[in-house]
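Residue numbers (this note's numbering): 95 to 363.
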């Protein structure tokens, strides 16, 4: 009797038991994959909402002030050259340093060039009367658009600029001008845009689909993929390519530009 009991205790799993285990494992795997898809979709939607809400604030400011925030000389082009911000910095320390992390009250510039522009065109919001800067990637120019929004009462003073400009992938978006280098626009033509730095390729494609209606070509329409090592409006032709490499991993980092105002012409060559 003892020998028979021992033999029964040592028997293996039956095919039915193995099938049940495999089904359970499959269901768990499917749940994990589906859960990740839900998380990815939520992140993409958050980025899309951030971009569109930023655009809404810009347009609201333009209605109130008759100029874009950060367009210090009211020439129709936001002065900060957003396309010159370093895209190769895989961390974000350099880009983070372009934004203030204080909550001090902003004022209009009262010195130098800033004073002259302030008198004629209301100027750009600055701290301590510093003059605004044009065509230079610095912390004065990068903050102008948010400072203007704060002075207009569209953004709370209690929110640091660096926090306000951070996007869902823990990097930053910048509002400024992009010099189109596709060859389809007039020489050195500048366009107002929102640039989102360091987002995964899959997220960029979902943004393109939501705004452009397609994620096929990344060098046309309002949302485009910027060349990673560039400092102007040069674009990668396909969303599936990154830096001349075809069919890269979906998590490869890219920089995205959204032309919320005028759209550069498309080079069909």
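Beta carbons: idealized from backbone N, C-alpha and C, even for Gly.
Predicted model, so just to flag it, every value in this text is computed and none were measured.
Item: What are the boundary residues of the alpha helix (DSSP H) that includes residue 256?; Value: 255-258
Item: Based on DSSP bridge pairs, tell me the residues matched to residue 287.; Value: 270
Item: Since residue 382 is in the alpha helix (DSSP H), which residue starts that stretch and which ends it?; Value: Shown here, the chain extends from 95 to 363; a query on residue 382 therefore has no answer.
Item: List the whole-angstrom C-beta distance separating residue 262 from residue 239, where the pair is believed to meet the contact cut-off of C-beta under 8 Å.; Value: Residue 262 to residue 239, Cβ: 20 Å. No contact.
Item: Going straight from the alpha carbon of residue 192 to that of residue 250, what length do you get?; Value: 19 Å
Item: How long is the line joining the alpha carbons of residue 114 and residue 140, rounded to whole angstroms?; Value: 39 Å
Item: When you compare only the Cα positions, how much space is there between residue 356 and residue 285?; Value: 6 Å
Item: For the beta strand (DSSP E) containing residue 318, list its first residue and its last residue.; Value: 317-320
Item: For chain D, is any of its Cβ atoms less than 7 Å away from the one on residue 324?; Value: The structure shown has no chain D; it contains just one protein chain.
Item: Among 293, 333, 122 and 196, which one has its Cα closest to the Cα of residue 308?; Value: 333
Item: Under three-state DSSP, which class holds residue 344?; Value: coil
Item: Starting from residue 188, trace the alpha helix (DSSP H) in both directions and tell me its first and last residue.; Value: 187-190
Item: When you compare only the Cα positions, how much space is there between residue 317 and residue 159?; Value: 26 Å
Item: Have a look at 200, 246, 138 and 111 and flag the residue whose alpha-carbon is nearest the alpha-carbon of residue 157.; Value: 246
Item: Select from 335, 278, 322 and 137 the residue whose C-alpha is nearest the C-alpha of residue 183.; Value: 322
Item: So, with DSSP's three-state summary, where would you put residue 164?; Value: coil
Item: Can you tell which of 277, 198 and 347 has its C-alpha closest to the C-alpha of residue 314?; Value: 277
Item: What residues in its chain sit with their C-beta under 7 Å from that of residue 196, if we drop five residues either side in the sequence?; Value: 254
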